[in-house]
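Undergrad: Going by the working numbering, the first residue of the sequence shown is number 3, and it counts up by one from there.
Even glycine gets a Cβ: it sits at the ideal position worked out from N, Cα and C.
Just so we're clear, the structure is a prediction, and the values are computed from it rather than from any experiment.
What follows is a single structure, and I will ask about it in a moment.
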Amino acid sequence: MSGGSYYVPATSKWPILGSLALGVMMIGAGLVMVHGRGGPVLALGILAVIAVMALWFRDVVRESRQGLYDEQMDRSFRWGMGWFIFSEVMFFAAFFGALFYVRTFALPWLDGEGAKGVAALLWPDFSAQWPLLNPPDASVSGPDAVLSPWQLPLVNTLFLVTSSITLTVAHEALKEGYRRTCRNWLAGTVFLGVCFILVQGFEYYEAYAHYGLTLDAGIYGGLFFLLTGFHGMHVTVGAIILSVMLVRIQRDHFSGDDHFGFEAAAWYWHFVDVVWVGLFLFVYVF
3 MSGGSYYVPA TSKWPILGSL ALGVMMIGAG LVMVHGRGGP VLALGILAVI
53 AVMALWFRDV VRESRQGLYD EQMDRSFRWG MGWFIFSEVM FFAAFFGALF
103 YVRTFALPWL DGEGAKGVAA LLWPDFSAQW PLLNPPDASV SGPDAVLSPW
153 QLPLVNTLFL VTSSITLTVA HEALKEGYRR TCRNWLAGTV FLGVCFILVQ
203 GFEYYEAYAH YGLTLDAGIY GGLFFLLTGF HGMHVTVGAI ILSVMLVRIQ
253 RDHFSGDDHF GFEAAAWYWH FVDVVWVGLF LFVYVF
């Protein structure tokens, strides 16, 4: 129920079911990481989360189509999406912070710089450099080489930057009421997103097969796959969201002044694109 100045959500079973699904998924993930078993539990949890999300979003779409939402509800959705994206900013800020900490503080300390220079007594022959191909501890092996930023990473950068442009064109077409134009440009955006995912998959194959760049390849390998892997997961989720928006546009769910579902998907996609620009610069180039 919405009273214009306040909002009281209707009774729903989805929050508790979502919490239970997430709990099963985390238990399964813990069993896999700690004991090396629990795959079926993890798979069940993931499927349950996907099912809850799909059915919950279905109900939200139906309520929107029935005209049950007013301006207060629209503001609630906008604030919710805004805080969600802020949480994602903090999520990636933690990983970028780890990258900058290693490069700015940890490596110089291991090389004998500053008050922490006593570490140089353990590894006197260590020379700070980034990417770290030769970790100071001989029991840890670094990658044989690193990927050139001007090949596959540059191609993926062009894909994502272009996808932001095509998505903006689609959004403007939707606001002007050109549904076919919006559909075509949005389809192009989804296509570019899929191309990004495929290229990143090939890049990972090259990294493992020819560069010795794996999750076990020292701090550089760990950070590389942590940052690019989570970003790739976000691109995958974003492409799925945009695909759903494509179906909704085909079914004429949106109008020029009532299309927050599309707008929220666009916010998310643009955020993912900005994160990639940071990754390209600080993981691949510098």
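#1: List the residues that DSSP assigns as beta-bridge partners of Ser257.
#2: So, Leu229 versus Phe97, is the Cβ gap smaller than 8 Å?
#3: Could you tell me if Leu217 is buried or exposed, where buried requires 16 or more neighbouring beta carbons within 10 angstroms of its beta carbon?
#4: What residue does the alpha helix (DSSP H) around Ser21 start on, and which one ends it?
#5: Could you give the DSSP three-state label for Ala189: helix, strand or coil?
#6: Measuring CB to CB, does Pro145 end up less than 8 Å from Gly223?
#7: Measuring CB atoms only, is the stretch 134–153 touching the stretch 254–264, in the sense that at least three cross pairs come out at less than 8 Å?
#8: When the Cα of Phe227 is compared with those of Ile242, Val163, Leu244, Tyr207, which residue comes out closest?
#9: Could you check if Phe198 is buried or exposed, using at least 16 other CB atoms within 10 Å of its CB as the buried criterion?
#10: Can you give me the C-alpha to C-alpha distance between Leu160 and Pro126, rounded to a whole angstrom?
#11: Among the residues of its own chain, which have a CB less than 6 Å from the CB of Lys177, if the five just before and after it don't count?
#12: With distance defined between alpha-carbon atoms, name the residue in Gln202, Asn158, Gly203, Leu169 nearest to Val192.
TA: In this structure, then:
#1: Ser257 is bridged to Asp260.
#2: Yes, they are a contact pair.
#3: Leu217 sits exposed, since fewer than 16 C-beta atoms from the chains shown fall within 10 Å of its C-beta.
#4: In this chain, the alpha helix (DSSP H) harbouring Ser21 covers 16–37.
#5: DSSP places Ala189 in helix when its eight states are reduced to three.
#6: Yes. Within cutoff.
#7: They do not touch, by the three-pair rule.
#8: It is Tyr207 whose Cα lies nearest to the Cα of Phe227.
#9: Buried: at least 16 other Cβ atoms inside 10 Å.
#10: Distance between the alpha carbons of Leu160 and Pro126 is about 43 Å.
#11: Take Lys177, set aside five residues on each side of it, and the residues of its chain with a beta-carbon closer than 6 Å to its own are Gly258, in chain order.
#12: Just measuring C-alpha positions, the residue of Gln202, Asn158, Gly203, Leu169 sitting nearest Val192 is Leu169.
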